[in-house]
């Protein structure tokens, strides 16, 4: 009995310390009123971005750099996802810009825990 309680306590403590979300690629989830981003911990020159459309309409968007250079255009049907790969520069910035329906641009930041745009209050 004591051993069972010890094992259960050990499992609960070990899983709570690793409870934050992480990914090897940028996971961008487009919802009706917000966009959730799960970013990778480490920088990679060739980086994957998985865009998931959780809305009821087709989403058209683009991935741009800090100079507004278009890196990729995407079109994602409702309930579907699109996986793309782009080249990152270590000191550059990358943004996902939904164009239809229009929404604010979202910066893709390495090493940041899961974040949402606009942030939850």
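In our numbering, the protein residues as written are 33 to 153. The beta carbon of each residue, even a glycine, is placed where N, CA and C say it ideally should be.
Residue i versus the options, residue with shortest Cα-Cα distance
{"i": "residue 86", "options": "66, 79, 98", "result": "66"}
{"i": "residue 75", "options": "95, 118, 107", "result": "118"}
{"i": "residue 98", "options": "127, 147, 146", "result": "127"}
{"i": "residue 121", "options": "62, 139, 77", "result": "77"}
{"i": "residue 129", "options": "73, 79, 83, 57", "result": "83"}
{"i": "residue 100", "options": "148, 151, 55, 139", "result": "139"}
{"i": "residue 133", "options": "56, 57, 110", "result": "110"}
Buried versus exposed call for residue i [16 or more other C-beta atoms within 10 Å across all chains shown]
{"i": "residue 12", "result": "Because the chain spans 33 through 153 in this model, residue 12 falls outside it and cannot be assessed."}
{"i": "residue 91", "result": "buried"}
{"i": "residue 88", "result": "exposed"}
{"i": "residue 141", "result": "exposed"}
{"i": "residue 59", "result": "buried"}
{"i": "residue 93", "result": "buried"}
{"i": "residue 79", "result": "buried"}
Range covered by the beta strand (DSSP E) that runs through residue i
{"i": "residue 119", "result": "113-119"}
{"i": "residue 103", "result": "102-108"}
{"i": "residue 59", "result": "58-62"}
{"i": "residue 139", "result": "138-140"}
{"i": "residue 148", "result": "147-149"}
{"i": "residue 68", "result": "67-70"}
{"i": "residue 143", "result": "Note, residue 143: premise wrong, no beta strand (DSSP E); not H, not E."}
{"i": "residue 91", "result": "91-97"}
Three-state class that DSSP yields for residue i in the structure shown
{"i": "residue 75", "result": "coil"}
{"i": "residue 123", "result": "coil"}
{"i": "residue 84", "result": "strand"}
Short Cβ contact (7 Å threshold) for residue i with residue j
{"i": "residue 114", "j": "residue 102", "result": "no"}
{"i": "residue 147", "j": "residue 69", "result": "yes"}
{"i": "residue 116", "j": "residue 62", "result": "no"}
{"i": "residue 73", "j": "residue 124", "result": "no"}
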